[in-house]
Every structure is written in C-alpha cells, then in structure tokens.
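Numbering (my numbering) for the sequence shown: 1239 to 1721. Ideal Cβ placement from N, Cα and C applies to all residues, glycine included. These numbers were taken from a predicted model, which means no experiment stands behind them. Data block below; observations after.
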Amino acid sequence: MALLVLDNFIGGKFVPCSSYIDSYNPSTGDVYCRVPDSGKEEVEAAVKAAKAAFPIWSSKSPLERSRILNKLADLIEHDLEEFAQAESKDQGKTITFARTVDIPRAVYNFRFFASSILHHRTECTEMASVGCMHYTSRAPVGVAGLISPWNLPLYLLTWKIAPAIACGNTVVAKPSEMTSVTAWMMCKLLEKAGVPHGVVNVVFGTGTKAGEALVCHPDVPLISFTGSTLTAQRIMEKSAPHCKRLSLELGGKNPAVIFDDADLTQCIPTTVRSSFANQGEICLCTSRIFVQRGIYSEFLRRFVAEAKKWKVGNPSDPTVDVGALISKEHLEKVRNYVKKAQAEGARVLCGEGVDSLALPTGNQKGYFMLPTVIAEAKDESCCMQEEIFGPVTCVVAFDTEEEVIERANSVKYGLAATVWSSNVGRVHRVAQRLQSGLVWTNCWLVRDLNMPFGGMKASGIGREGAKDSYEFFTEVKTITVKH
Ligand code: NAD
C-alpha cells in the first residue's frame, strides 16, 4: 500500500512542504505516514491566512458559527469508523478506545461548544449614587495558536479548536508530529461543513521547529497548549517577550486514596482502568495508589489479579485492552522506571520483567508492555515523584487521613486525584484538602464539560471548560456609561 503523505492545511488548501518526517505505527514499528517538517515559513503562511480570515469570521453571529460547528460534528461522526481506525494505527491505542472515547469525544467537543456559545451573558452593575452603569463586552482575540500532544490526538485538538472558533477566533493548530493523521482527515471536512478558508489552518511538524515558530510569532496573541510541563516552561520563556495569553494543561502524578470502608467491588476495576486505560497514557491516569493498611493485602491481591486480566496485543483486535506505547523511546523510558523502582528496593508484582508478553506475529516489532504493578516504593523515589505516562502504577499503604493527605500532596504536580470511601464527610474533607485541580470520589473520568478542567502546581495554568474556555478565547472590556 502506498505510504500516506500528509500536507499542511493553509487558507483552505492542502499545501505541500519542502521536507517531511516519518511517523510510525507503534503497534508494528513500521512507518505509517510522512508528515510535513514545517518551520517558520509554513507557520508564517498559516498565520497570514488566519489573520486574513479573522474579520469575516469574527463578525459572524454566534448562531452562524454554531451551525457550522454542528455540521462539522456531524461529518466527523459520519466517518467515525475511518477516524477511529486511523487514530488506532497512528497512536497505538486500541480500536475500542478510539471508537468509544477519542472520536466520539471529538464530535462532542464541536457539539458542546456549538451549543454553549449561544448561552453566555455579559455582566452589568449600576452605581445609582453617581448615575453610572458598568457593563462588560467580550470579543474574540485574534489568531489562536493551538498545540496538542499525542495521547488523545483528535480529542484534545478539537477541545481547543471548537471553543476557539466558536468564540470567533481563527486558528493555527499544530498537532503532535507523532499523531497527525486524524487532524489532517478533519481538514478534509472543513469546507463541506462551511468553515470559511483560513479559519482553521493546520501546520504539521515538530515542536522545536513548527511549535516554537508558532509560539514566537508576533501576530499570535494567545497560545493554548496541552503537553508536558517541561515544554510548557519553554513556551512560557519563548512567549514572554510578547506577553502572550497562555493556557497550559500539563502533566500529572495522580493519587488514588483508598480508605478501608471503600466499596472494593467498584474501586478495584475502576482503579485498574484509571491506571491502565490507553496504556496509562492519559494525563489523568492514576499512578500512585494509597491504600489504608487494614485492607492493603486484600486490595493488592485483588488489584494484581484484575490487572493481569488486561489483554495486551494487536490494537485493532476489539478484545484487546492495552495497545502499544507511542514510541520505542517512550517504551524504553517507561521500562527504565520499573528497573529504577527495583533498584530502589520496590517489588514488581506483575507485568514488566515478571510476566511474559506474547504478541501476535505482525506485532513483534511493536512497542508493547504489560500492565505493571509496583509495591512498597518509597514516597521520594522516582516512580512516586515523576510522571511515567505508561502502564505502571505504584501501590503503598497508609494509616491515617492526615498522613495520606500530606503524602498525596507531596509531589510537584496537582492534576487529578480519586478518593474512595463510603464516609460522606471524609470524602468531602479529603477532596477539599488534596492539591489537585480535579478530584473524583468513588468514580473516575466522569466529566461534565461545563465544569472547570485543569491542574494546580506544575500541572498547569488556567482552566478549560464552557465558561473558562470562553473567557480564555475572548477579550473582556468594561464599559462605564454615565447617565
Ligand atoms: P510534549 O510537551 O512533548 O509535546 C506536546 C506538543 O508540544 C507537541 O505537539 C509537540 O510537538 C509540541 N512541542 C514540543 N516542544 C515544543 C516547543 N519547544 N515549542 C512549542 N511546541 C512544542 O508532550 P507529549 O509527549 O506530546 O504529551 C505527553 C504530555 O502531555 C504528558 O506530560 C501528559 O501528562 C500531558 N498531557 C496533559 C493533559 C492535560 O490536559 N493536562 C492532557 C494530555 C496530555
């Protein structure tokens, strides 16, 4: 089969690039497609197209923009199976996850913002004593730079494109160089959906070339970024001379806190899912599990038994639970964490180095790893402090509520936590004291897009969601009228 070659999408047209890079299918280790290796020149052309489209797009009514977003959602939904197949091959995720999570959520992102944009209200106050009325007025900002990671490719990119264009901005998006295919497929649908040329431009390529050119471009006043904390630091540095508006959704080291009165029949399968879903490559995945000492042994036994049931293999097989990790380098990095844990005195109870991995013939060169459970790692060890971003989770025991709150908070990150207990008072108390932008109690990954989403500490700056994204992608002005 001929190799897929992607082109940049600028001003409503696919435009070839002067050089290309290889992108791999993680489940086979073969080259899956060739991606433009864009740089300053391509970003310049995309920003120019986005600037030219801004006056017309920003002057459309929210209702007109809403209709176009809904049409785009319908078109992606119509091609859901093709998108899911491509996402699975491009990222290594299971076809089931792509079909039930990634692509449906990308569709929903457009539908959600198509609706929410119709319901915002501005504020008004009166100062009768001086005969003045104050009100706020909001307007789109301009060209938005959107940079997304590889783990949930279309899901996270559309979570940025949808609110940005719903609010009347035009965009230049840069997906991860490792997972560009579904963004390219979406570009093919834009004209049919009625998105005017230049409103959505997509430039493919690496972070250091294409991403940085976008971050440094003087005509891009805002950057919405999802990715690692390290890259975010670089983006803050590079964008500082331009005083850009930044939204940063970053890494996590998410704790699950399990008290001895937790309902283990709910807690264990959910915590296995929160640890290993999408190969553990979700920023919200659990990677430190604190279990109250009275139920520690029982939990560990049942948790390991459940983790061992997760089938690793060809991602296009609908019975497979764990696909391939994104790259050879990433697989090596994740494996090294397990080795470091052992060297630091922890015990590996199942998975990497303990159980054997049998792969189908076509997947022998893929980047696979078994769900791995580590016990008794020290709180200060690498495995308990650093984001691993793979199918590895650590289980440790605790005694008191006070103690576990302090230990759960003792990392630089603060993205997502889960608390398991049937004591309603304790659930509220602990949730409020955990340093985490999101706390799920007795559940995981239940999201209402109206609610703020984002991390504390090194996990991010800013929030996304109906109100928060609207505020980020619009500029507010306070007008005072004396009557
Ligand atoms: P990454 O930071 O390496 O890359 C993210 C994006 O930034 C990619 O498109 C990349 O090309 C680009 N990039 C890299 N260097 C850049 C630079 N100097 N300037 C501009 N752009 C640059 O992250 P990743 O490995 O793709 O994704 C994994 C990380 O993303 C994990 O840390 C994970 O926790 C985080 N993540 C966070 C969330 C969240 O909502 N908080 C969601 C998903 C993933």
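Are the beta-carbon atoms belonging to residue i and residue j less than 9 Å from one another?
i	j	result
Ser1674	Leu1653	yes
Ile1403	Arg1483	no
Leu1356	Asn1407	no
Gly1700	Glu1487	yes
Val1419	Lys1566	no
Val1592	Ala1613	no
Ile1265	Gly1561	The amino acid at residue 1265 is misidentified as Ile; the sequence shows Ser. Their beta carbons are under 9 Å apart, which means Ser1265 touches Gly1561 by this criterion.
His1358	Tyr1708	yes
Ala1515	Val1611	no
Phe1348	Ile1314	yes
Ala1421	Ala1411	yes
Thr1557	Lys1549	yes
Val1440	Ala1284	yes
Asn1647	Val1665	no
Phe1636	Arg1531	yes
Counting C-beta neighbours from all protein chains within 10 Å, is the total for residue i 16 or more, i.e. buried, or is it exposed?
i	result
Ala1362	The amino acid at residue 1362 is misidentified as Ala; the sequence shows Cys. Result: exposed.
Asp1559	buried
Leu1241	exposed
Glu1429	exposed
Ile1294	exposed
Leu1676	buried
Asn1552	buried
Met1416	buried
Val1719	exposed
Gly1663	exposed
Asn1246	buried
Met1622	buried
Ile1717	exposed
Gly1426	Looking at the sequence provided, one finds Lys at residue 1426 rather than Gly. By the 10 Å Cβ count, Lys1426 comes out exposed.
Pro1401	buried
Glu1325	buried
Pro1387	buried
Pro1254	exposed
Nearer than 8 Å: is that true of the beta carbon of residue i relative to any heavy atom of the ligand NAD?
i	result
Glu1415	yes
Cys1521	yes
Val1419	no
Ala1543	no
Thr1467	yes
Trp1388	yes
Ala1470	yes
Gly1489	yes
Phe1691	yes
Thr1449	The sequence given here places Gly at residue 1449; Thr does not occur at that position. It does: the Cβ of Gly1449 is within 8 Å (strictly closer) of some heavy atom of the ligand NAD.
Val1453	yes
Glu1625	yes
Lys1571	no
Phe1247	no
Gly1703	no
Ile1385	yes
Leu1394	yes
Lys1398	no
Lys1476	yes
Leu1653	yes
Phe1514	no
Lys1412	yes
Phe1497	no
Ile1306	no
Thr1631	no
Thr1444	yes
Thr1463	What sits at residue 1463 in the sequence shown is Phe, not Thr. Yes - the ligand NAD has a heavy atom lying nearer than 8 Å to the Cβ of Phe1463.
Ile1259	no
Using 8 Å for Cβ pairs, my map puts residue i next to residue j. What's the rounded Cβ distance?
i	j	result
Asn1389	Glu1282	Actually they are not in contact, since the Cβ atoms of Asn1389 and Glu1282 sit about 29 Å apart, beyond 8 Å.
Ser1659	Phe1497	4 Å
Val1510	Phe1541	7 Å
Glu1625	Gly1490	6 Å
Ala1311	Val1345	5 Å
Met1423	Phe1321	6 Å
Lys1289	Val1381	6 Å
Thr1712	Val1243	The Cβ separation is near 37 Å, so there is no contact.
Ser1697	Val1630	About 19 Å; that fails the 8 Å criterion.
Val1586	Val1576	6 Å
Glu1702	Gly1692	6 Å
Val1649	Val1657	So it is not a contact: roughly 16 Å between Cβ atoms.
Tyr1262	Pro1274	With 8 Å as the limit, Tyr1262 and Pro1274 do not qualify as a contact, their Cβ atoms being about 16 Å apart.
Confirm the yes/no value for this check: CB of residue i, any heavy atom of the ligand MG, distance under 8 Å.
i	result
Ser1697	Within the structure as shown, the ligand MG is missing, the only ligands being the ligand NAD.
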